[in-house]
Every structure is written in C-alpha cells, then in structure tokens.
Amino acid sequence: MAGAVNPGFVVRLTQKGLDYARQEGMTILRQELTRVNIPDYSGSTRSPVGKIKYNLYGSFRGGFNLKVNGITISVTLKLGKDGAVRPTIVPTDCTCHTSDVNVHVSGKFGWLINLFKGRIEKELKSTIEKQICPLVNKAIANKLVPLLQTLPVTSKIDKVAAIDYSLIGPPPVTTKYVDVPLKGEFFELPHHTPPPFSPPSLSLPGDHNLMIYFGFSDYLFRTAGYVYHSAGKLIYNVTDNMIPKDFDVRLKTSSYN
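Just so you know, the sequence shown maps onto residues 749 to 1005 in our numbering.
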C-alpha cells in the first residue's frame, strides 16, 4: 500500500460479515462435496477365518453406509486486484482433516466385510481428504472468481456524470475486519479526466459490531460538484418573470440602489 492514492470510499467487512459469507460458501461447498468419488478397492487381510482377498467396487449391491465426521478445512486466500482494478482472490494454501470415517456394510456378506473395515476406513479417509482441497479450489475458481470478474468498476449516474468505484489497492486485513478501498470519484462523460485536487486520508472508526460499514470522504462530493459545475449544470439563471407579481422586489437595477 506504500504510495497508494487515498480512497474516496471504503467498505468494511467485519468478522460477522465474513462469517455470513462463509456460511453461503459452505452451502456451495456442500454441493461440491457430493462429487467426492469413492474408488474401487482391492487387497488382502488376515481375519479369524484366515487370509481374505477382497475387491470392493463402486457398484457394490449390498447395503453400504459411509459417515464422515469432523471435516476441518483451512484455506488461505490472497486478495489483490487485476488490470481492470477489480478485486481478485487466489487460494494459496489448503489443508483438510477428517476426524472419523465410519463404514458399515449390510447384506448377505456384510458381517465378513466388517471384519476388515478398519483398513477400508483408513484408505477412504485418506482418499476423501485428498479430494476435498481440489474441490475447494475448483469452487473458488468456478463460483467466486467469475463473480469478481463481472463486478462493474464504474456506474453511469446520468447523461453528465458517472462514478468510479474501482479498487485502488489490496484490501488491508486485520483480525476483526477487511477494509476495501475504492476510488469513489465522479467523472464527466464521455471522458474520464481527474479533478485538480487529491483525496484526503480516510479512516473509519474501530467499530466492528455490524456486518458491514461504509465510509465516504468529502472527496466523493467535491468531485461531484466539480463535474457538474464544469458541465454547466450548477448554473441557473433567474429572470424577473419568475418572480411572483405581488413580490415587492423586482429583478432590475433600481431594486438594488
């Protein structure tokens, strides 16, 4: 952020807001987790009835119950901006751990398979954990990144002006909130010419009890005044015929002697 231009508009996302976003993300992630593939297994093990060789297929016709408990996913995200000054998000690290995987097979030979289910559960646990992080990264790439890429960075107000709320730098992150610094600048259509003044520093109070906060600098309103004044939209001529007939003061030179 060294040497960065001060923002005219700041959006603060607090931990409560991020928690809400996380809940929405979990809904998408649960849908992605249904894509976890249970592979075929083969191997051998010793049991009270002797050595057993087994082959388990995804199309196994007996009753098959699989419970995965205590899934913990940790994802590190890098925030930034692209060439179009839209926010970007890139996963840089992901770890996954499941505390318990339980398999129960019913059917005619269920009792036999349950003799060596411990080994199967261990293999399934490893397989599931290896698939989750790629699914998380895929969900971010397919759901979140395209959404950020479609975010507009300017918005037309009327025939005269538009507002620029592009990202001016990487959002600073603290343990309690994320501040998103936006340009917050009016400009005259069709050309985007910077105003002859710079934005002052803008700091928000340390509040973080709500989900989201908005901070406006006077720079936003100064640029609006500058644009409309430059376009001649703040000039209004008052003539004498606009004054009520019964009003004593008329708009003529003798009225100001």
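Each residue gets a CB set at the ideal place from its N, CA and C atoms; glycine is no exception.
None of these values were measured; they are calculated from a predicted model.
Check                                                                                                               : Outcome
Alpha helix (DSSP H) runs wholly inside the region 925-985, at least 4 long, in chain order                         : 966-978
At least 3 beta-carbon pairs within less than 8 Å: the region 887-897 vs the region 956-973                         : no
Span separating the alpha-carbon of Val-838 from that of Ala-972                                                    : 35 Å
Beta carbon of Lys-931 nearer than 8 Å to that of Pro-787                                                           : no
Close-in-space but distant-in-sequence residues of the same chain around Val-986 (CB under 6 Å, 5 per side omitted) : none
Residue interval of the alpha helix (DSSP H) (run including Asp-767)                                                : 763-781
Supposed contact pair Val-758 and Pro-947 - C-beta distance, whole angstroms, cut 8 Å                               : Contact doesn't hold; Cβ gap of about 11 Å is too wide.
As assigned by DSSP and simplified to three states, the class of Asn-803                                            : strand
Backbone secondary structure at Val-901 - three-state DSSP                                                          : coil
Cα-Cα separation, Val-849 to Asn-785                                                                                : 15 Å
Identity of the residue in Leu-827, His-845, Lys-865, Lys-878 nearest Val-851 by Cα                                 : Lys-865
CB contact check: Gly-980 to chain C, cutoff 8 Å                                                                    : Included in the structure is just one protein chain, with no chain C present.
For Lys-1000, three-class secondary structure by DSSP                                                               : coil
Residue nearest to Lys-873 in terms of C-alpha spacing, selected from Ala-769, Thr-775, Gly-818                     : Gly-818
Endpoints, beta strand (DSSP E) assigned at Ala-909                                                                 : 909-912
Met-959 and Lys-764 closer than 8 Å at C-beta                                                                       : yes
For Pro-918, the nearest candidate out of Gly-980, Pro-992, Tyr-974, Leu-827 (CA to CA)                             : Leu-827
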